[in-house]
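2 protein chains.
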Amino acid sequence: MTSPTHQDGFCCAAHSGSDSMAAILETAETRARVQGARLTPVRRRTLEILLQAHGALGAYEVLEKLAAEGYGTQPPVAYRALNFLVEHGLAHRIRRLNAFTACAQPDHDHRAAFLICETCNSVTEADADLLCRALDQAAQAAGFQLDRATIEAVGQCRACQDAPE
Amino acid sequence: MTSPTHQDGFCCAAHSGSDSMAAILETAETRARVQGARLTPVRRRTLEILLQAHGALGAYEVLEKLAAEGYGTQPPVAYRALNFLVEHGLAHRIRRLNAFTACAQPDHDHRAAFLICETCNSVTEADADLLCRALDQAAQAAGFQLDRATIEAVGQCRACQDAPE
DNA sequence: GCCTTTTGTGTTATTATATAACATGTCGAT
DNA sequence: ATCGACATGTTATATAATAACACAAAAGGC
Numbered sequence: 012m013t014s015p016t017h018q019d020g021f022c023c024a025a026h027s028g029s030d031s032m033a034a035i036l037e038t039a040e041t042r043a044r045v046q047g048a049r050l051t052p053v054r055r056r057t058l059e060i061l062l063q064a065h066g067a068l069g070a071y072e073v074l075e076k077l078a079a080e081g082y083g084t085q086p087p088v089a090y091r092a093l094n095f096l097v098e099h100g101l102a103h104r105i106r107r108l109n110a111f112t113a114c115a116q117p118d119h120d121h122r123a124a125f126l127i128c129e130t131c132n133s134v135t136e137a138d139a140d141l142l143c144r145a146l147d148q149a150a151q152a153a154g155f156q157l158d159r160a161t162i163e164a165v166g167q168c169r170a171c172q173d174a175p176e
Numbered sequence: 012m013t014s015p016t017h018q019d020g021f022c023c024a025a026h027s028g029s030d031s032m033a034a035i036l037e038t039a040e041t042r043a044r045v046q047g048a049r050l051t052p053v054r055r056r057t058l059e060i061l062l063q064a065h066g067a068l069g070a071y072e073v074l075e076k077l078a079a080e081g082y083g084t085q086p087p088v089a090y091r092a093l094n095f096l097v098e099h100g101l102a103h104r105i106r107r108l109n110a111f112t113a114c115a116q117p118d119h120d121h122r123a124a125f126l127i128c129e130t131c132n133s134v135t136e137a138d139a140d141l142l143c144r145a146l147d148q149a150a151q152a153a154g155f156q157l158d159r160a161t162i163e164a165v166g167q168c169r170a171c172q173d174a175p176e
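These protein sequence lines map, in sequence, to chains S and Y. The opening residue of the first sequence carries number 12 in the numbering used here; numbering runs sequentially from there. The opening residue of the second sequence carries number 12 in the numbering used here; numbering runs sequentially from there.
1) Can you give me the start and stop residues for the beta strand (DSSP E) that Y/E163 sits inside?
2) Go to S/E136, then tell me how far its beta strand (DSSP E) extends in each direction, as first and last residue.
3) Got a sec, what are the start and stop residues for the alpha helix (DSSP H) S/L61 sits in?
4) Can you list, in chain order, the residues of its chain with a C-beta nearer than 7 Å to that of S/H121? Leave out the 5 residues immediately preceding and following it.
5) Using a C-beta cutoff of 8 Å, does Y/C163 count as contacting chain S?
6) Taking the alpha carbon of Y/A78 as the reference point, which residue from Y/T57, Y/A48 and Y/A170 has its own alpha carbon closest?
7) Using DSSP with H/G/I as helix, E/B as strand and the rest coil, what is S/L68?
8) In this structure, does DSSP put S/R42 in helix, strand or coil?
9) Would you decide whether S/A33 is buried or exposed? Buried here means 16 or more other CB atoms lie within 10 Å of its CB.
10) Where DSSP assigns a beta bridge to Y/A102, which residues make up the other side?
11) Determine the direct distance from the alpha carbon of S/R91 to that of Y/A115, and round the result to whole angstroms.
12) How many angstroms separate the CA atom of Y/T130 from the CA atom of Y/G66?
13) Since S/I127 sits in a beta bridge, which residues does DSSP pair it with?
14) I'd like to know if S/C168 contacts chain Y, where contact means its C-beta is closer than 8 Å to some C-beta of that chain.
15) Between Y/G100 and the rest of its own chain, which residues show a CB-CB distance below 8 Å, the 5 nearest in sequence each way excluded?
16) For S/Y90, name the three-state secondary structure that DSSP assigns.
17) Expressed to the nearest angstrom, what Euclidean distance is found between the alpha-carbon atoms of S/V73 and Y/L62?
18) Could you tell me whether the Cβ of S/A137 comes closer than 8 Å to any Cβ of chain Y?
19) Use the C-beta contact count for Y/T51: other C-beta atoms within 10 angstroms, 16 or more gives buried, fewer gives exposed.
20) Using DSSP with H/G/I as helix, E/B as strand and the rest coil, what is Y/R49?
21) Using only the alpha-carbon positions, how far apart do Y/G81 and Y/N94 sit?
22) So which residues on chain S does Y/L141 lean against when the C-beta distance must stay under 9 Å?
23) Is the CB-CB distance between S/G166 and Y/L157 below 8 Å?
24) Starting from Y/E98, find everything on chain S with Cβ-Cβ shorter than 7 Å and list it in chain order.
25) If contacts are defined as beta-carbon pairs under 8 Å, then Y/V88 and Y/V53 qualify, I think. What distance do you get, rounded to the angstrom?
26) Hey, how far is the Cα of S/A70 from the Cα of Y/L108?
27) Which residues in the same chain have their Cβ closer than 6 Å to the Cβ of S/A164, if we skip the five residues on either side of it in sequence?
28) With DSSP as the reference, label S/D147 as helix, strand or coil.
29) Shorter than 8 Å from the beta carbon of S/G47 to some beta carbon of chain Y?
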């Protein structure tokens with residue numbers, strides 16, 4: 012993906028800060044252990060792959076990379092690692108894209124919304140605590156008890172707005 | 012689907028009002044014509060199927076019903092009709108379920124959020140105009156220009172909260 | 001340490017979801 | 001009546017996800 016978005020800090024974790032990736036992995040390791048789970052090699056590597064990716068990756072894209080590095084070659088290998096990461100708050104599933112992205116703030120539990128750029132396919136994570144509160148109110152008005160929510164916005168990221176069409 | 016949700020008006024259009032289905036079809040017909048599109052037999056029937064359904068239906072479930080009634084038997088038949096309905100504001104796609112549901116308010120353009128019951132799989136449409144405004148603000152703060160959004164909540168509907176587990 | 005249980009990794013096979021590409025048919029305007 | 005645009009149907013294929021099983025490695029009791 013040769014995208015025009017890698018000029019500022021909004022594209023992906025790998026380009027957002029100098030050592031953010033290492034820091035995130037560290038946090039992830041800790042977080043998993045606290046939850047009584049193990050960040051095994053495949054899982055860790057899967058998280059790295061997501062962190063290095065520009066935008067979200069499909070399960071089969073992740074699988075391809077894992078396979079190339081000597082891990083298993085079959086779909087469940089990728090799906091299991093990805094699901095593990097999602098369940099432990101280290102990654103998110105982007106349903107509109109049938110894809111996964113590393114969590115930008117794995118250090119604390121949070122509600123996230125995703126801003127998906129139609130032009131360059133980048134995915135930005137935005138805080139959705141407020142939104143979820145509003146959603147919860149709307150749900151309660153309908154007698155619905157909210158557990159969790161998916162909020163995905165589609166549009167144009169900053170870089171792609173600026174860039175000529 | 013023998014669900015415990017059909018005691019009140021929150022399950023599906025078919026059970027929500029006395030003649031709401033006929034009224035909705037009427038509205039749909041008009042709306043399509045206004046947009047320069049035709050609500051052909053397959054499309055109309057597809058909408059009816061969605062309206063009669065409890066909860067959302069997968070494309071292949073719709074296809075099965077269409078096929079049984081003498082329409083085409085292959086996936087594109089269902090997908091085309093469903094996509095038509097979605098594009099013309101007569102139905103919604105529920106991404107979390109890989110399914111479709113009839114629009115509850117086809118008479119006016121609106122933003123919708125969906126409340127998906129984990130227990131009985133019912134899908135309730137809720138107004139999301141306010142939510143979308145809030146989302147737009149959050150997006151703008153990130154320099155993102157919002158076009159449209161998917162908001163899907165997962166939890167328990169009223170009936171399933173009341174019902175013993 | 002050794003055994004048992006649990007968890008994790010890998011496989012093969014299958015299911016589910018969705019689209020591409022093309023042939024034929026129908027509507028509606030001229 | 002004929003032309004162009006839109007609709008419908010097909011076959012074939014792409015893409016996404018899971019089920020079921022065999023084996024391996026780690027964790028915990030004793």
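Glycine residues also receive a C-beta, built at the ideal position from the N, C-alpha and C atoms.
Taking the coordinates as given:
1) Q156 to Q167
2) Going by DSSP, S/E136 is part of the beta strand (DSSP E) stretching over V134 to D138.
3) P52 to Q63
4) The answer, listed in chain order, is D138 and D140.
5) The question names Cys, yet the displayed sequence has Glu at residue 163 of chain Y. Yes, Y/E163 lies at the interface with chain S (some Cβ there is under 8 Å from its Cβ).
6) Y/T57
7) The answer is strand: DSSP assigns S/L68 an E or B state.
8) Correct three-state label for S/R42: helix.
9) exposed
10) Y/A113
11) 37 Å
12) 12 Å
13) S/V134 and S/V165
14) yes
15) R42, C114, P117 and D120
16) helix
17) Here the C-alpha atom of S/V73 lies approximately 39 Å from the C-alpha atom of Y/L62.
18) yes
19) exposed
20) Collapsing the DSSP output to three states places Y/R49 in coil.
21) 20 Å
22) Against chain S, the beta carbon of Y/L141 has neighbours under 9 Å at A145 and A149, listed in chain order.
23) yes
24) Result: empty, since nearest Cβ-Cβ is about 15 Å, beyond 7 Å.
25) 7 Å
26) 18 Å
27) Cβ neighbours of S/A164 within its own chain (closer than 6 Å, five residues either side excluded): L126.
28) helix
29) No, its Cβ sits nowhere closer than 8 Å to a Cβ of chain Y.
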